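This report concerns only the one structure given below.
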Amino acid sequence: MRIRPATPDELPALQDIERAAGAAFRELGMAEIADDEPPALDALDRYRRAGRAWVARGADDHPVGYLVCEPVDGALHIEQVSVHPNAARRGVGRALLTYAADRAHEQDLTALTLTTFTEVPWNAPYYARLGFRVLAEAELTPGLRRIRAHEAELGLDRWPRVCMRRDQPDGGPGRGLGGD
């Protein structure tokens, strides 16, 4: 598997990955999440042009996962990480997060942050296994508070959500991300 910046012609494939990955939410009674449209091409392209959209490519050289992010309050905030179900449970998500941690380290950002559902097995429990911890309300930065407020406006708080953080390890780039 190779991770690299997304190209403009791959952006529709990222939307396809998002739709396929989202379908699993239906089994948890979260049809609204399963039916939610992926980020628009222009939004994905903004991440790409900013150098913050990366793809994991499979053996056939097609994208099997992607991650988009942005700096928020001194950390690299993971806006979305998705893996196609056909490539799930093979370390693709972990590899994308390690790649993001390395990019954050290069930019002297102190941590990775994200928001996620608490009761979805491939969300908060998965990230906890990778070294992320749930942030208490008092620990939320202004940027994370804005992100959470926007998510609430979108109706995502219908299901329990949290902000999580994984500090950059002292050992250098990418280290400290545990196994699946």
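For the sequence shown, counting from 1, position 84 maps to 240 in our numbering; every step adds exactly one. By construction, the Cβ of each residue, glycine as well, lies at the ideal position given by its N, Cα and C atoms. What you are looking at is a predicted structure, and each value in this text was computed from that prediction instead of being measured.
- Here the region 307 to 319 makes contact with the region 272 to 284; the two share three or more CB pairs at distances below 8 Å.
- Between the region 196 to 208 and the region 238 to 251 there are fewer than three inter-stretch CB-CB distances shorter than 8 Å, so the stretches are not counted as touching.
- In terms of Cβ geometry, residue 173 and residue 238 form a close pair [threshold 7 Å].
- Counting other Cβ atoms within 10 Å of its Cβ, residue 195 reaches 16 or more and is therefore classed as buried.
- Selection 217, 228, 180, 193 evaluated against residue 162 yields 217 as nearest (Cα-Cα).
- As summarised for the region 184 to 259, the continuous alpha helix (DSSP H) elements at least 4 residues long and confined to that stretch are 187 to 191, 197 to 205, given in chain order.
- The residues 231, 321, 322, 323, 324, in chain order, have a CB closer than 7 Å to that of residue 267 in the same chain once the five nearest residues on each side in sequence are set aside.
- Nearest in C-alpha terms to residue 209, of all of 193, 215, 226, 220, is 226.
- Excluding its 5 nearest sequence neighbours in each direction, residue 181 has C-beta neighbours in its own chain below 6 Å: 189, 190, listed in chain order.
- Secondary structure of residue 292 (DSSP, three-state): coil.
- Residue 263 sits exposed, since fewer than 16 C-beta atoms from the chains shown fall within 10 Å of its C-beta.
- Per DSSP, the unbroken alpha helix (DSSP H) holding residue 172 starts and ends at 167 to 178.
- For residue 267, the three-state secondary structure derived from DSSP is strand.
- The three-state secondary structure of residue 281, taken from DSSP, is helix.
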